[in-house]
Amino acid sequence: NLPGWGEYMFSGKIHSGKSSFSLLTSYAPRDVMWKRNNNEEYYFSSGKIENNEIGEPTRYKVDPINLALTYNWINADKDLLQLSLRNNMTFKPHSHTDRNSKLVQEKDSFLITDYEQSNSISPSIDLYYQHKFENQHALYFNVVGTYINTNTRRQFTQAPLLGVLADTTSVMSNVKGNKYSLISEAIYEKQWEKIKLTAGAKYTHQWVENNYYIDETVSPVSMTTSETYLFSELQHRVGKFAYTIGLGAMNTIICQSGVNQSTWIARPQLTMSYDVGKGVFLRYNAYVSGYQPSLSAMNDITQPIDKYQVRRGNPNLKPVMYFSNDILLSYQSPYVSLDVTARYNYDHKPIMDESFEENGLIVRTQANQQAFHRVQVNASLQVRLLSNKLIFTVAPFLNYYVSEGNNYLHTHLNPGIRAGVLGIYKSWQFFGEVSTRRNNLWGETLTYGELSHLLGLGYNDEKWSAKVMMVNPFSMNGYTNKIEDLSSVAPKTQVAEMPDFKQVLMLNFAMNLDFGKSREDAQKRLNNSDTDAGILLGQ
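Residues 1472 to 2010 in the working numbering are what the sequence shown spells out, letter by letter.
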């Protein structure tokens, strides 16, 4: 009963002999109204400016369409050849950042309109092959080529109300982006009775050609990046104890405007597990890895956001090294399952927010900051009663973030819980779920998660199923999304509200049209993809 909101999927497969063809399509339209309220403060050297922005209902519309056509050839348990042609398309005539609002200052008032239109098309070809030899050793190959075409147009206006002596600010920008990427990966694996040896290599190359049209000026951006990753891994089991030792090295090369930078990062890994017995299991995992700066963050373009601030890329960004380790305690019985995970992650010199004043404007950019720490504790308790006909699940969590910038320090503690119940009687199902907000801090941006709950009733038949669900049945205010910028020179709070997203009735129907002989295809060992368009948006 929320018009413009849907989830649709169709898939099909036909097979004959060693070959099969499959088609997968999905369409998830969103066409709703919501409003955005912003509270901003700017601490310029000339004085403080405070903006209180009261939002009006604004349209958000997006049509994402995903298509995948796959050919599989299977030769018993020896060979698997798979060729996939995919195209991910997104048509967004009204962005989620669009807003109509009234801006109120101490002495002046303005009308704000901010509209962004964007389209992206991303075809790709994915070739995968695996061959299993005798004596338990195998080879796996994967090559993925992707093209991403993006066209984004934004128009912002801040106009004074009648009778107010102030100027009008207008911002127009258009970005046309073309990105090409090639990802190739190969793995060799040898299995003995209690030992498995794995070695491989992965290479990624990206080319970006973007044109930024700002104030009738065209600014071209051209850059390339490459990443080479070499690795080996040894797995060994001794009774109830098992361990994995991995060694790897990653090299990144970034080229922009004739300037090259090359970085090496070591990537070791250690995993240990022990089956205590009586359903108790322990596992510890630790590894060092790294990542490149996003292509969108590395360009040397400056785009105006509004009257007070601009968005700027940073071509001096460096690759980041990070460390992660976690420990898992698991208990399984016919009636109770309990999993507890504690994790600590550390990013060294991470790429995070940075804001400063320059020539009477606030510059929003990114830079390699000092450090970022995450401590996360997750637990999941499931109780199964009446021969698994009644199942209760409770999953509390605790997240703690520490963001260390070059000129700032922010922390955030986020406790929460997810709980659910599932009842089964013959072919009928009753289910309910509630989730509190799972927040995320990164740099100086604190993003609040969703608070939601639902109730549902379903019926499952051999060939079809149907469900009726009520989303947020007890909500009073509908959906809200909150983002805080914790900058000392330009702090702000953004709140998006969708009052209609409460007591939402949803119907789900599925039908299975299988006939003839069924066959399960082998699963790919390697899955690579590229979704980063590599453009910098003035938002």
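Ideal Cβ placement from N, Cα and C applies to all residues, glycine included.
A quick note: this is a predicted structure, and the numbers were derived from the prediction, not measured.
1. Distance, Cα to Cα, THR1561 vs VAL1709?
2. Using the Cα positions of MET1694 and TRP1913, report the straight-line distance between them to the nearest angstrom.
3. State the Cα-Cα distance for the pair ASP1824 and LEU1788, rounded to the nearest angstrom.
4. DSSP three-state call for MET1769: helix, strand or coil?
5. Following the continuous beta strand (DSSP E) through ARG1783, name the residue where it begins and the one where it ends.
6. Measuring only the C-alpha atoms, how far is SER1493 from ILE1485?
7. So, helix, strand or coil for MET1982, using DSSP?
8. What residue range is occupied by the uninterrupted beta strand (DSSP E) comprising ASN1887?
9. Should the stretch 1725-1732 be regarded as contacting the stretch 1760-1775, the criterion being three or more beta carbon pairs within less than 8 Å?
10. For TYR1700, count the other beta carbons within 10 Å of its own beta carbon; 16 or more makes it buried, fewer makes it exposed. Which is it?
11. The beta strand (DSSP E) that contains HIS1602, what's its start and end?
12. According to the Cβ coordinates, are LEU1473 and VAL1905 closer than 9 Å?
13. Can we say the stretch 1976-1992 touches the stretch 1951-1962, given the rule of at least three CB pairs closer than 8 Å?
14. Quick one: grab the DSSP three-state call for ARG1835.
15. From the DSSP secondary-structure annotation, give me the bridge partner or partners of GLU1704.
16. Tell me the DSSP secondary structure of ALA1937 in three-state form.
17. Looking at C-alpha atoms only, which residue of PRO1970, GLY1750, ARG1624 and ARG1754 is the closest neighbour of ILE1804?
18. Would you kindly work out how many angstroms separate the C-alpha atoms of PRO1764 and ASN1983, rounded to a whole number?
19. Run the CB neighbour count on THR1639, radius 10 Å, all protein chains shown included, and call it buried at 16 or more, exposed below.
20. Is ALA1967 buried or exposed, if buried means 16 or more other CB atoms sit within 10 Å of its CB?
21. When you compare each of THR1669, GLU1698, MET1721 and ARG1738 to GLU1704 by their alpha carbons, which one comes out closest?
22. Count the other CB atoms within 10 Å of the CB of ILE1596; is the residue buried (16 or more) or exposed (fewer)?
23. Report the partner residues of VAL1811 according to the DSSP bridge assignment.
24. Would you call the stretch 1561-1571 and the stretch 1598-1613 in contact, with 3 or more CB pairs under 8 Å?
25. Suppose you measure from the CA of GLY1891 to the CA of THR1864; what does that come to, to the nearest Å?
26. Roughly how many angstroms lie between the CA atoms of LYS1506 and ASP1569, to the nearest whole one?
27. Whole angstroms is fine: what's the gap from LEU1753's alpha carbon to LEU1556's?
28. Over the uninterrupted beta strand (DSSP E) stretch that includes ALA1499, give me the two end residues.
29. Assign LEU1928 to one of three DSSP states: helix, strand, or coil.
30. Out of THR1918, LEU1741, SER1490 and LEU1554, which has the shortest C-alpha to C-alpha gap to HIS1707?
Quick look at the numbers:
1. 51 Å
2. 26 Å
3. 12 Å
4. helix
5. 1780-1783
6. 6 Å
7. strand
8. The sequence given here has Gly at residue 1887, not Asn. From DSSP, the beta strand (DSSP E) with GLY1887 extends over 1880-1896.
9. yes
10. buried
11. 1580-1604
12. no
13. no
14. strand
15. THR1669 and GLY1717
16. strand
17. Note on identity: in this sequence residue 1804 is Ser, with Ile being the wrong assignment. Checking every option, the nearest Cα to that of SER1804 belongs to GLY1750.
18. 44 Å
19. exposed
20. buried
21. THR1669
22. exposed
23. LEU1800 and ALA1850
24. no
25. 5 Å
26. 9 Å
27. 41 Å
28. Unbroken run through ALA1499: none, as it is neither H nor E.
29. strand
30. LEU1741
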